[in-house]
Amino acid sequence: MRIQPSRKKRQRRQNRARLFGTERSRSARRLICETLESRQLLAGGFGTEPIYDVNVTSDIVYRDDAEVGYGTPEGVTTIDLELDIYEPSGPGLPNELPAVLLIHGGGFTGGSKGQQNFVDLANDFASRGYVAASINYRLDGDNVPPAPANPPYSDLDPRYDAIVAAVEDTYHAIEWFKDSASTLGIDAERIVLGGHSAGGFLSTIAGMLDTPDVPPFGLDIDITDLDVAAVLDGAGGTGGLAGSIIDSADPPTFILHSSDDATVLYSEAVAIADALTAANVPFEFPVITD
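Okay, structure coming up:
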C-alpha cells in the first residue's frame, strides 16, 4: 500500500501546478507531434525563444564526499563530483529564473556532462532564459559502495550499486542547486529535472520518490526538501517501478520515447504514463510520427 503524500508535499504540488499552468489540466494527455504546440512554462511568452547569450562556468564541485574504490587494492577514497552551469545573459531577464538540472545517459557505465548533445541542450535551455546545470555522477566502473541487500532492483541488475549511487548523487545535485538559488538568481521552486536514457531514469526516479520510498530503494539520504517542479524523461523508464513510486503528489512530467527503442523498451514509457494517469498527475507523451 502506498503511503499518502504529506500535506506539505500536496501543497507544493498545488504551487507547482499554478506556476506551470497545469492546475486546470490534470488529466493525462497523449499528443501527436505534428500538432504539438509550443508549451510555455511561464506566463507572458518567456522561455519560448532562444534570445539570450549564454555564459558557461565549468567544473563546479557539487559534492566532495562521493565514495569510490570499494574492493580495489587502493581501497576506499572520495572524489569530487562536478557540474557545468549555463546562465542566460541579456536584457529582460526576470529577477528569479527557472532552472533545469540535466543528467547524461550512458547505461551507468559511461557518458559525461561534456557530451555534445547535453552541451547543446544546456545551451538551448539557457538561451531561452533558464539556468541549466549538467552534472557528472558516479558510474559502474567507479567501484561504488555496495547498496543494502534486497531492495527492488538489487537482484535484477548487476549495476544496482552504481544505480543507487547515481540516484544519491542526483539528490546531492538537486540540493546544491537549491542551496545556490540566491547566488544563481533562480527560483528554487521551479527546478526541472531531466535526462536521457540512464539520465532519464535518474530524473524520473529522483523526481518521483517520496521519503517513505527511500529506505526500500537502498538510499540513506533525507529528500524531504528535494522535490522538483517537473520531470523530463527521455527514454529512461523506471525499471518496472513506476506503479509503486508514482503518486498524486508527483510533479508534471514530459515523456519522450521512441517506439522502436531496443535498449529501454517503449513499454517502460507506457508504464510511466499509465501510473501518472492513475495518480491524476499532468503529463505529456508525444506520439512521434514520420
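In this note's numbering, the protein residues as written are 1 to 290. We treat Cβ as the ideally placed atom computed from N, Cα and C, and that holds for glycine. Just so you know, these numbers come straight off a predicted model, no measurement behind them.
- With 16 or more other CB atoms across the displayed protein chains lying within 10 angstroms of its CB, A166 is buried.
- In the same chain as A198, and ignoring 5 residues on each side of it, the C-beta atoms closer than 6 Å to its own belong to G105, G106, G107 and F108, in chain order.
- By the criterion of a C-beta distance shorter than 6 Å, I186 is surrounded in its chain by L97, A99 and V131, once the five residues flanking it on both sides are discounted.
- In this model, T253 and K178 are separated by some 20 Å (Cα to Cα).
- Membership of E268 in the alpha helix (DSSP H) is indicated by the continuous run Y266 to A279.
- Restricting attention to beta strand (DSSP E) runs no shorter than 3 residues, the region 101 to 154 encloses them at 131 to 135, ordered along the chain.
- Runs of the beta strand (DSSP E) lying entirely within the region 216 to 244 and spanning at least 3 residues, in chain order: 230 to 234.
- Relative to the Cα of L226, the nearest Cα in the group G111, F283 and H172 belongs to H172.
- Apart from sequence neighbours up to five positions away, the residues of its chain that approach Q115 with a beta-carbon distance below 7 Å are H104, ordered along the chain.
- Relative to the Cα of E87, the nearest Cα in the group V56, F217 and G75 belongs to V56.
- Less than 9 Å divides the Cβ of S127 from the Cβ of D53.
- In this structure, L193 places its C-beta atom within 9 Å of the C-beta atom of V231.
- Counting C-beta atoms within 10 angstroms of its own C-beta, T204 has 16 or more neighbours from the protein chains shown and is therefore classed as buried.
- Nearest to A273 by C-alpha distance, out of V264, T263, D261 and L256, is L256.
- In summary, N136 is buried, with 16 or more beta-carbon neighbours lying within 10 Å of its beta-carbon over all protein chains present.
- Per DSSP, E67 is one residue of the beta strand (DSSP E) stretching across D53 to V68.
- The beta-bridge partner set that DSSP reports for I186 consists of L97.
- DSSP, reduced to helix, strand and coil, places V76 outside both helices and strands of the structure shown, so it counts as coil.
- Annotated three-state conformation of G200 is helix, per DSSP.
- For E168, the uninterrupted alpha helix (DSSP H) segment begins and ends at Y160 to D179.
- Just so you know, the alpha carbons of K113 and T72 end up roughly 26 Å apart.
- Around W176, the same chain offers Y62 as residues with beta carbons nearer than 6 Å, after the five sequence neighbours per side are excluded.
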